[in-house]
Structures are given as structure tokens and as C-alpha cells.
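Undergrad:
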């Protein structure tokens, strides 16, 4: 084959390849055109929706408000704005912007100029400015100054009921108290509107855009509490007075309607301001009345006597041999006033309560078998959560009866064999005030339908037996020298003093818990008040000297606030 033939073959081969390449390119072009036809004509709706979704925004959602039972606002959302400068949109110099914005933002012109000179895409100028400031800036029509709207949770009453309300942190979505337990309702939005926005945050208006929904925030549902702000204020004020007087470590006052479980006041010291919760310590924020356990002391004698009456071991007229001291195994138990009354002899149950007899309470406890006594304590709610609608509740400490020894059984009688929470004591004693029915304590005001699910009623003892215990407690106050005695109201109550255990649970400190629990008017109980003070110092430290005066002042003021009908004295009307 000559050179010309080779050259002809090469040209033919190149022509063939070029033809196939052109054919392939033409086919690819046809396929691409077909694809564009499908995208732009056949499947246009899909891509329109996708584009709209990229521009779609939702209404600004705010949490609902929290009110007390009388409509006083306790928590609300306040709208604030963060002011920025977007470097890419600058049409003014930093100096010009600073001159315009400095008087409005209340920042020195020099400092603001320095900020605006930063070589970053988005410059933060000032955070948490109010609506008035935002509106002043908006009037300037500065395209380089975007303003981000946000909501901050505020508490108009400051520290009032802080441990009930808790707090809410929008940035971290962290909450406590009712802000946590009622969070779903507070954020529940029945109807949310959506609209389209530009990348710079401006609303794209079209025929379907609701101009009100695009600018007005959407709000969650409001929550009403059972708390009475007036009663809460009285409790916090009187508790603080005592804390300061006795240099105590902690304290609490809980006021509840025993008939329906509604908590009217829940004061927990140390207080904190939920508006500045970030500056509070975990010790201040913790609601220790739910989490921490302690020996209840003599207030528990009400439960011991009530259990024995319900089990038929004693009755209203029973008399107990009080020897002043009693030996249980290697342990000798004495009455607190053994030095003055070494051998009281045969005493009635009113005397047991009035003089807070340890020995008589031990004898009563020993009348009950450990399993039947334990069963009654479980009915009263010890060893389990009360079900209160606040987070962090402890179950307390109640030993299995199979593990009780003789000292456990005996010490249980006067408040040392178990450890309880403050809310457990409130719940248990409320059954005595409510004809033997223990109602779930709660701080949220529920609708009848919600209440049926969330608020339980447990028949702990018969109404007749509950009234017997109430009569005994009332007589012990009226017959004795109790500082809580009231000329207009019968009060059923019991004080308590217990030694504070060490934090590791082994042994005891030299500090005391002083407490009192009672209800009034005892002929028709409307309020139950529980007071506890931790580690009071100076002078005579007893439930009668520390907690009882708080109870006295609070009960007097509550009777006036709630307009309770007297059941005693010249004001009593049949």
C-alpha cells in the first residue's frame, strides 16, 4: 500500500470518528432539551414548590403567659431585637453610620465607629434592644443594618414563686418548674401562618400573604396556676423574717387546700430571680422541698396515731402508759421533757400530741405489726412520689418492712425511721383534713377534663377516723400553750423537731430541722400550712419556737386574705 492510500484511510477514519462524535453530541443535546422540557413544562410544580420552600418562613412564636389564680401575670414573653451591620451591604461609611446610630443605641460614637470598621461579614452592634429603639432605627431606612427579632422570658413579679415558675432559656431551650412541666401547652399553637421571605429577611407579599400574620407573633396557650400571689407574698415575707432572725440555712412554707389539692403558696428559701437565673447558683435554683429528704420528727406522730386508729389498735379514748423513757434493744428513747416530767404515767392521746410524747408514740407504733404499719404509711403516700406537677420529685426513703428491726419499728413511731420530702408531709397530713382522702397536690389550675386525669384521690382512712385525729390535734392546741392558738379559729396542728443527718447519710450533725403542719378551720378545713426551717441558730431551737411563730403570722393573714369563716369565739356563727 502506497503513502497516498495510507493517507486516504486515515482521513476516512477521522471523518468516521468525527461523524460519530457529532451524532453523539446531537443525541446528548436532544436529551438535554428533553430534560429541560420535562423540568420546565412537565414537572414545573415540583420545582416551584421547592423554590417556595427555600423562601418559606413561619410566624414568630411566643410562649404563652403564666398567671396566678386571680389573673396576676407571673411570666410572659417580651420581644427584643439584636442589631447588626452587614458589611457587604454598606452604602455608608462606618463614621456616617456611627453618627446616625450612636444616639439611638446609646453607645459612644467612637466605640461604634471602631465596631463598624471590623472586617467581618456580620457585625453585632447591640443585643436585646426594645421595640422603641428598633423603630427609631427602622425610620432611618439603613439597608446595611438588619435587626433580628427574638423573645426573652420575663417574670414581672421578680422572685415571687420562683421555684414554682422555674425559668426558661430560649437560647438553650432549657427550663425548670412549671416552665418545664407545662412547656408543651405554653408552646402549643393552634394555627401557624407561613409566608415567603427574601434572603435578607424581607417579606415577599403576594395575593395569599396575610400581612397581619407576617408581622404579628403567634402565641402559645396561657397557663393559670393555683397559686394566690397575695398568699405567696405573705409566706415569702414571713419566712424571710425567720430565716434572718435565726440565721437559718434554708426554709419553706407550703399552703394547700386539702379538699382539692390546690397549692395556694409555695415559698422556698433561698430565693432567686428567674429574670437573672444565669447568675443564680444551683443551690438557689434547686427546689429542695421536692428533692431532699429528712427525718420528719414529731410531725410524723400524727401519721402514727392515725394509722393505729384506722387499724383499730387504739381509739379516741385510749390511754397509753408513758414511762418517760423506754429501752429498745441497746437504745434508750426519752421524751424531750424527761427532766421535767420523768414519768407522766397513763396519758390520753391529746396529751401525747400536746407534750409530743416520744415514748407513747413508740408504744402506739409497736401495737401495729410492721407489715400493717408499713401498709398504712404507703397509703399515706410515703416511699413514693406525690405526683405534684413540678419536676425533680424524690420518692423519699421508706424501708421494706422485711428489713425493719426493732429499733426501726420503734423510731418510726416518732419520726426517725424514715426520711420524707416536705411535699410528702403536706400530702399525707392533708388526708386527715379531708375526711381521710389524699388528693394529688398540684400548682397548675386544670380544666375538669384535665383534673380527672392528673389529680388522683386515694381513700387512706375512713372519714370517721380522720375526724377523730383532727379532734385530738385541735384539742391539743386549744388545751395547751401553743403559740399558734387563735381566738377565732380552731386549728389542728403538730410541731416537730429532728436532728439533721450528715450529707453522706452516716450519723447526724449538730443542726436541727424545725417544722409544723396544721390546718384550719379544723371543723371545716380550708387551708393546710406546712412550715420547715433548716439549721436555725441561737436560743431555744424547737418547732414550737422557730416554725410555729411563722405559722401563727401566716395563718392570721391568710384567714383575712381568703375571708375564712371563723369556727370559734364570739365571731363564730352556727
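Residue numbers (the numbering used here): 46 to 619. Glycine residues also receive a C-beta, built at the ideal position from the N, C-alpha and C atoms.
(1) How many angstroms separate the CA atom of residue 199 from the CA atom of residue 304?
(2) Quick check on this structure: which residue in 206, 108, 152 has the alpha carbon closest to the alpha carbon of residue 117?
(3) To the nearest angstrom, how far is the alpha carbon of residue 466 from that of residue 367?
(4) So, helix, strand or coil for residue 585, using DSSP?
(5) Rounded to whole angstroms, what's the CA-CA distance from residue 362 to residue 582? Just pull it up for me.
(6) Which full runs of the beta strand (DSSP E) of 3+ residues lie inside the stretch 352-415, going along the chain?
(7) Within its chain, find whatever has a CB closer than 6 Å to the CB of residue 514; leave out the 5 residues flanking it on each side and keep chain order.
(8) How close, in whole Å, do the beta carbons of residue 593 and residue 527 come, if the pair is a contact with beta carbons under 8 Å?
(9) Count the other C-beta atoms from every protein chain shown that fall within 10 angstroms of the C-beta of residue 169, then say buried if there are 16 or more, exposed otherwise.
(10) From residue 341 to residue 443, what distance separates their C-alpha atoms?
(11) Identify whether residue 317 lies in helix, strand or coil by the three-state DSSP scheme.
(12) Only counting runs of 4 or more residues, tell me where the alpha helix (DSSP H) segments fall wholly within the stretch 437-488, in order along the chain.
(13) Run through the stretch 296-347 for me and flag every whole beta strand (DSSP E) of 3 or more residues, listed as ranges in chain order.
(14) Between the beta-carbon of residue 319 and the beta-carbon of residue 329, is there less than 8 Å?
(15) By DSSP's criteria, residue 214 is part of a beta bridge. Which residues make up the other side?
(16) Give the straight-line distance between the Cα atoms of residue 234 and residue 265, rounded to the nearest whole angstrom.
(17) Would you mind working out which of 349, 470, 135 sits nearest residue 25, comparing C-alpha positions?
(18) Measure the Cβ-Cβ separation of residue 280 and residue 310 and say whether it is below 8 Å.
(19) For residue 80, does the three-state DSSP call read helix, strand or coil?
(20) Return yes when the Cβ of residue 551 is within less than 8 Å of the Cβ of residue 464, no when it is not.
(21) Around the Cβ of residue 71, are there at least 16 other Cβ atoms within 10 angstroms (buried) or fewer (exposed)?
(22) Quick check: residue 610 and residue 566, are their CB atoms within less than 8 Å of each other?
(23) Taking a contact to mean a Cβ-Cβ separation below 8 Å, would you say residue 145 touches residue 185 in this structure?
(24) Can you tell me whether residue 183 is buried or exposed? The criterion is at least 16 other CB atoms within 10 Å of its CB, across all chains shown.
(25) Restricting to Cα atoms, I'd like to know which of 161, 224, 165, 391 is closest to residue 119.
(26) Taking all protein chains shown into account, decide if residue 298 is buried (16 or more other Cβ within 10 angstroms of its Cβ) or exposed.
(27) Helix, strand or coil: how does DSSP classify residue 613 here?
(28) Let me know if residue 215 comes out buried or exposed under the rule of 16 or more other beta-carbons within 10 Å of its beta-carbon.
(29) Counting only the same chain and skipping the five closest in sequence on each side, list residues whose C-beta sits under 6 Å from that of residue 127.
(30) For residue 541, which of helix, strand or coil comes out of DSSP?
(31) What are the start and end residues of each continuous alpha helix (DSSP H) run of 4 or more residues lying completely inside the stretch 156-194, in chain order?
(32) Could you tell me the distance, in whole angstroms, from the CA atom of residue 490 to the CA atom of residue 307?
(33) So, helix, strand or coil for residue 565, using DSSP?
(34) Could you check what DSSP says for residue 523 in three-state terms: helix, strand or coil?
(35) Suppose the cutoff is 7 Å on Cβ atoms and the five residues either side in sequence are ignored; what does the same chain contact list for residue 179 look like?
(36) Have a look at 497, 371, 517 and flag the residue whose alpha-carbon is nearest the alpha-carbon of residue 456.
TA: Quick look at the numbers:
(1) If you take the alpha carbons of residue 199 and residue 304, they lie about 33 Å apart.
(2) Comparing alpha carbon positions, the residue from 206, 108, 152 closest to residue 117 is 206.
(3) Going by the C-alpha atoms only, they are around 30 Å apart.
(4) It is coil, neither helix nor strand.
(5) Rounded to whole angstroms, residue 362 and residue 582 show a C-alpha spacing of 39 Å.
(6) If only uninterrupted beta strand (DSSP E) runs of at least 3 residues are considered, those enclosed by the stretch 352-415 are 364-367, 370-373, 376-379, 390-393.
(7) Contacts found: 351, 477.
(8) Cβ atoms of residue 593 and residue 527 come within 8 Å of each other, at about 7 Å.
(9) By the neighbour-count rule (16 or more Cβ atoms within 10 Å), residue 169 is not buried but exposed.
(10) Roughly 12 Å between the two C-alpha positions.
(11) The answer is coil: DSSP assigns residue 317 none of H, G, I, E or B.
(12) Within the stretch 437-488, the complete alpha helix (DSSP H) runs of at least 4 residues are 451-457, 467-478.
(13) Complete beta strand (DSSP E) runs here, min 3: 308-314.
(14) Residue 319 places its beta carbon 8 Å or farther from that of residue 329.
(15) Looking at the DSSP output, residue 214 shares a beta bridge with 219.
(16) Each residue's alpha carbon lies about 5 Å from the other.
(17) Lying outside 46 to 619, the shown extent of the chain, residue 25 is not represented and no answer is given.
(18) Residue 310 sits close to residue 280, with the two beta carbons spaced by under 8 Å.
(19) Residue 80: helix per DSSP, three-state reduction.
(20) Between residue 464 and residue 551, the C-beta spacing is not below 8 Å.
(21) Result: exposed.
(22) With respect to the 8 Å criterion, residue 610 and residue 566 are classified as neighbours on the basis of their beta carbons.
(23) Result yes, Cβ atoms of residue 145 and residue 185 sit closer than 8 Å.
(24) Sixteen is the threshold: since fewer than 16 other Cβ atoms of the shown chains lie within 10 Å of the Cβ of residue 183, the residue is exposed.
(25) That would be 224, whose Cα lies nearest to the Cα of residue 119.
(26) By the neighbour-count rule (16 or more Cβ atoms within 10 Å), residue 298 is buried.
(27) In this structure, residue 613 counts as coil in the three-state DSSP scheme.
(28) With fewer than 16 other Cβ atoms within 10 Å, it is exposed.
(29) For residue 127, the CB contacts under 6 Å within the same chain, skipping 5 residues up- and downstream, are 172, 193 in chain order.
(30) Assigned with DSSP and collapsed to three states, residue 541 falls in strand.
(31) Every alpha helix (DSSP H) of 4 residues or more that sits fully in the stretch 156-194 is shown, in chain order, as 176-183.
(32) Rounded to whole angstroms, the gap between the alpha carbons of residue 490 and residue 307 is 8 Å.
(33) Looking at residue 565 - three-state DSSP - the assignment turns out to be strand.
(34) Under the three-state reduction of DSSP, residue 523 is assigned to helix.
(35) 126, 192.
(36) Residue 456 has its Cα closest to that of 371, out of 497, 371, 517.
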